[in-house]
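Chemist:
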Amino acid sequence: MKNLIPHFIQEQYECGVEKGNFTGFALFVDLSGFTGLTETLLKKEKAGAERLSDILNAIFGPMVSLVYKTGGFIPHFAGDAYFGLFPQSTTPLCAEEVIAIASEHFHLLQKASPAFKEFSIKIKIGISHGNIEWGIVGNETKSFYFRGQAIMGCANCQALAQSGEIILDGHFKKLLNQTEGLKAIEGKTCFKMSPLSERASRSLPSTTVVLPPMSRPVLGRFLPEAILRFNQQGEFRTVVAAFLSFEGLASHEELDELASVVLQKVADFSGYFKEMEFADKGGVMVILFGAPVSFENNAERAVEFLLTLNEELLPLENHSKLKKKAGVATGIAYTGLVGGDERCQYAAVGNRINIAARIMMKARWGEILVDENVAKTQQFTFEYKGNMAYKGLEKKIPT
Numbered sequence: 006m007k008n009l010i011p012h013f014i015q016e017q018y019e020c021g022v023e024k025g026n027f028t029g030f031a032l033f034v035d036l037s038g039f040t041g042l043t044e045t046l047l048k049k050e051k052a053g054a055e056r057l058s059d060i061l062n063a064i065f066g067p068m069v070s071l072v073y074k075t076g077g078f079i080p081h082f083a084g085d086a087y088f089g090l091f092p093q094s095t096t097p098l099c100a101e102e103v104i105a106i107a108s109e110h111f112h113l114l115q116k117a118s119p120a121f122k123e124f125s126i127k128i129k130i131g132i133s134h135g136n137i138e139w140g141i142v143g144n145e146t147k148s149f150y151f152r153g154q155a156i157m158g159c160a161n162c163q164a165l166a167q168s169g170e171i172i173l174d175g176h177f178k179k180l181l182n183q184t185e186g187l188k189a190i191e192g193k194t195c196f197k198m199s200p201l202s203e204r205a206s207r208s209l210p211s212t213t214v215v216l217p218p219m220s221r222p223v224l225g226r227f228l229p230e231a232i233l234r235f236n237q238q239g240e241f242r243t244v245v246a247a248f249l250s251f252e253g254l255a256s257h258e259e260l261d262e263l264a265s266v267v268l269q270k271v272a273d274f275s276g277y278f279k280e281m282e283f284a285d286k287g288g289v290m291v292i293l294f295g296a297p298v299s300f301e302n303n304a305e306r307a308v309e310f311l312l313t314l315n316e317e318l319l320p321l322e323n324h325s326k327l328k329k330k331a332g333v334a335t336g337i338a339y340t341g342l343v344g345g346d347e348r349c350q351y352a353a354v355g356n357r358i359n360i361a362a363r364i365m366m367k368a369r370w371g372e373i374l375v376d377e378n379v380a381k382t383q384q385f386t387f388e389y390k391g392n393m394a395y396k397g398l399e400k401k402i403p404t
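Note that the sequence shown ends on residue 404 in my numbering; no numbers are left out.
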């Protein structure tokens, strides 16, 4: 079986432990340029999908191996980005070694560049240190989350970084033996460093990683059968992406109540619950319709899912501070396994996936915003909000 969930989560689940926390380092690695790459290769159909699969493997494979051979693990892949978590209880790294790990990502991207020489793929990284909470949620179907100071810190640092930069926060800086060469970012408790600095050339730590085999019964609690059986190369297909943003839930028990309802409704409407994440966008759940299993009415299923969810979550909203909003978009995206041997995930990469995330961020609490393609669904009545500008997108999107 492929490593479709973190081994950390499998171990905790098998031990009957549903929540916990640890102190550790966190990296947020963000790669840019995949959207343009995907849109270009989309025109080449099957050959383009095969080429994109090769490029993704060439880039992500060595990076995933780097995280694992230095004692870390990856919770999930957010399209063209991922977190690397390094628990200090099992991985006694020093801050300088974490910088070396971050810097090695830049060298690995450079080594992989012959695989995509006509395209421009760039990288930036945020680093933090601190408490990391985790939890396993859901009833019949399970999922998991990681959140906390270190995760939020490295996500915020990454958001401040430009391509080619490493940004670290004050929590991480305190652990450095030397701070020469760091440039403070005005108005922020964050600092910039060059990935090619002398500090970054420190030799990499290395551990012998022996990952236990994935348990199919455990995977079956977290993922649909279609993903467990997925053994083909990636492909281009029409996908509906629904991004659900939420806030106001502090305890694991409240998150479990929310996730249990969402996971059940996703199953009812034959969607794929990709992940629950906490980063610079706050709490977000990512749900796909049309991949890995497609129906003729994927857009209708996505909208009906969200409307039904509103009703099902009323009891939780009545006894908590839950607020939620959603963004939905549909279009052709690359779908398949993303990552490496040590950790991979079924994901969708493409412009419309990014648009769904941007639409979610623009929505007000209580709103469901959709793109013009979803709005063509005749089963529902939509209110036109206008052609709206979104961060990172050149053209305005009818919403």
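Think of the CB as a built atom: it goes at the ideal place given N, C-alpha and C, for glycine as much as any other residue.
1. Could you pull out every residue in the same chain whose Cβ sits closer than 8 Å to the Cβ of Gly287, ignoring the five residues on either side in sequence?
2. Output the boundary residues of the beta strand (DSSP E) element that contains Lys367.
3. Between which two residues does the beta strand (DSSP E) containing Pro92 stretch?
4. Between the alpha carbons of Glu240 and Leu47, how many angstroms are there, rounded?
5. So, at 6 Å on beta carbons, what are the nonlocal neighbours of Cys20 in its own chain, with the 5 sequence-adjacent residues on each side left out?
6. Can the beta-carbon of Ser211 be found closer than 7 Å to that of Lys74?
7. Determine contact between the stretch 53-65 and the stretch 253-268, defined as no fewer than three beta-carbon pairs at a distance below 8 Å.
8. From Phe39 to Glu317, what does the alpha carbon distance come to, in whole angstroms?
9. Taking only runs of the alpha helix (DSSP H) that begin and end inside the stretch 21-49, which ones reach a length of at least 4 residues, in chain order?
10. What is the rounded straight-line gap between the Cα of Met393 and the Cα of Ala304?
11. If you compare alpha carbons, which of Gly84, Gln17, Ser220, Ile10 is closest to Ser37?
12. Note down, one range per segment and in chain order, each beta strand (DSSP E) of at least 3 residues found wholly within the stretch 124-153.
13. Between Val103 and Leu209, what straight-line distance do the alpha-carbon atoms span, to the nearest angstrom?
14. Please return the same chain residues whose Cβ sits closer than 7 Å to the Cβ of Asn136, not counting the five positions on each side in sequence.
15. Would you say Tyr73 faces chain C, with C-beta separation under 7 Å as the test?
16. So, Gly345 versus Ser125, is the Cβ gap smaller than 7 Å?
17. Report the rounded CA-to-CA distance for His12 versus Pro217, giving the unit in angstroms.
18. Alpha carbons only, please: which of Val354, Asn378, Leu263, Gln238 is nearest the one belonging to Asn315?
19. Which residues in the same chain as Ala160 place their Cβ atom closer than 6 Å to its Cβ, once the five residues preceding and following it in sequence are excluded?
20. Can you round the beta-carbon distance between Ala296 and Ala353 to whole angstroms, since I take them to be within the 8 Å contact cut?
21. Give the range of the alpha helix (DSSP H) segment to which Val308 is assigned.
22. Measure from the alpha carbon of Val375 to the alpha carbon of each residue in Glu191, Gly186, Thr404, then state which is nearest.
23. Touch check for the stretch 180-194 and the stretch 139-152: three-plus C-beta pairs under 8 Å?
24. Helix, strand or coil for Lys188, going by three-state DSSP, please let me know.
25. For Tyr87, which residues of its own chain have a beta-carbon under 6 Å away from its beta-carbon, when the five flanking residues on both sides are left out?
26. Between the alpha carbons of Val267 and Phe227, how many angstroms are there, rounded?
27. Leaving out five residues before and five after Ser94 in sequence, what residues of the same chain have Cβ atoms less than 7 Å from its Cβ?
28. Which residues does DSSP pair with Phe283 in a beta bridge?
29. How would you call Ser168, buried or exposed, if buried means at least 16 neighbouring beta carbons within 10 angstroms?
30. Which of helix, strand or coil does DSSP assign to Ile64?
31. For Met6, which option in Thr382, Asn144, Ser220, Met157 has the closest C-alpha, if you only look at C-alpha atoms?
32. Determine the DSSP secondary structure at Val267, reduced to helix, strand or coil.
33. Are Val298 and Phe248 close, meaning C-beta to C-beta below 7 Å?
Modeler: Per the coordinate set shown:
1. As a position in the sequence shown, residue 287 is number 282, starting the count at 1. The residues are Ser250, Phe251, Glu252.
2. Here the question's residue 367 lines up with position 362 in the sequence shown. Not the beta strand (DSSP E): Lys367 falls in the alpha helix (DSSP H), residues 356-367.
3. In the sequence shown, counting from the first residue as 1, residue 92 sits at position 87. From DSSP, the beta strand (DSSP E) with Pro92 extends over 86-92.
4. What you label residue 240 is simply residue 235 of the sequence shown in a count that begins at 1. What you label residue 47 is simply residue 42 of the sequence shown in a count that begins at 1. The straight-line gap from Cα to Cα measures roughly 10 Å.
5. Here residue 20 corresponds to residue number 15 of the sequence shown, with the count starting at 1. None.
6. Translated into the one-based positions of the sequence shown, residue 211 becomes position 206. Translated into the one-based positions of the sequence shown, residue 74 becomes position 69. In this structure, Lys74 lies closer than 7 Å to Ser211 by Cβ.
7. no
8. Within the sequence shown, numbered from 1, the residue matching residue 39 stands at position 34. Within the sequence shown, numbered from 1, the residue matching residue 317 stands at position 312. Taking the Cα positions, Phe39 is about 36 Å away from Glu317.
9. 39-47
10. As a working mapping, residue 393 is identified with position 388 in the sequence shown. As a working mapping, residue 304 is identified with position 299 in the sequence shown. One C-alpha to the other measures close to 21 Å.
11. Walking along the sequence shown from the start, residue 37 turns up at place 32. The residue with the shortest Cα to Cα distance from Ser37 is Gly84.
12. 127-142, 148-152
13. The residue labelled residue 103 in the question sits at position 98 within the sequence shown. The residue labelled residue 209 in the question sits at position 204 within the sequence shown. The alpha-carbon atoms of Val103 and Leu209 are separated by roughly 9 Å.
14. Numbered from 1 along the sequence shown, position 131 holds the residue referred to as residue 136. For Asn136, where only same-chain residues beyond five positions count, the Cβ hits under 7 Å are Asn26, Thr28, Gly153, Gln154, Ala155.
15. Judged by its chain identifiers, the structure shown contains no chain C, having just a single protein chain.
16. Taking the first residue of the sequence shown as position 1, residue 345 is located at position 340. Taking the first residue of the sequence shown as position 1, residue 125 is located at position 120. Not closer than 7 Å, so no.
17. As a first step, residue 12 must be located in the sequence shown, where it is residue number 7. As a first step, residue 217 must be located in the sequence shown, where it is residue number 212. If you take the alpha carbons of His12 and Pro217, they lie about 7 Å apart.
18. As a position in the sequence shown, residue 315 is number 310, starting the count at 1. It is Leu263 whose Cα lies nearest to the Cα of Asn315.
19. As a first step, residue 160 is located in the sequence shown; it is residue number 155 there, counting from the start. Counting only Cβ-Cβ distances below 6 Å, and skipping sequence neighbours, we find Phe33, Ala284, Asp285.
20. Here residue 296 is taken as the residue at index 291 of the sequence shown, counted from 1. Here residue 353 is taken as the residue at index 348 of the sequence shown, counted from 1. Your pair Ala296 and Ala353 checks out as a contact, with CB atoms roughly 6 Å apart and the cut at 8 Å.
21. As a working note, residue 308 is residue 303 in the sequence shown. Residues 303-317.
22. For the purposes of this step, residue 375 is taken as the residue at position 370 of the sequence shown. Closest option to Val375, Cα to Cα, is Thr404.
23. no
24. Residue numbering aside, residue 188 sits at position 183 when the sequence shown is read from its first letter. Lys188 falls in the strand class under three-state DSSP.
25. Residue numbering aside, residue 87 sits at position 82 when the sequence shown is read from its first letter. Counting only Cβ-Cβ distances below 6 Å, and skipping sequence neighbours, we find Val34, Ile79.
26. Indexing the sequence shown from 1 puts residue 267 at position 262. Indexing the sequence shown from 1 puts residue 227 at position 222. Their Cα atoms are separated by approximately 13 Å.
27. If you number the sequence shown from 1, residue 94 lands on position 89. Same-chain partners within the cutoff: Phe27.
28. Within the sequence shown, numbered from 1, the residue matching residue 283 stands at position 278. Note: Phe283 sits in a beta bridge opposite Gly288.
29. Within the sequence shown, residue 168 is the residue found at index 163, counting from 1. Note on Ser168: under 16 other CB atoms within 10 angstroms of its CB, so exposed under the neighbour-count rule.
30. Position 59 of the sequence shown, counting from 1, holds the residue named residue 64. Reduced to three states, the DSSP call for Ile64 is helix.
31. What you label residue 6 is simply residue 1 of the sequence shown in a count that begins at 1. Out of Thr382, Asn144, Ser220, Met157, Ser220 has the C-alpha closest to the C-alpha of Met6.
32. On the sequence shown, residue 267 is found 262 positions in, with the first residue counted as 1. Helix, per DSSP.
33. If you number the sequence shown from 1, residue 298 lands on position 293. If you number the sequence shown from 1, residue 248 lands on position 243. Contact: no.
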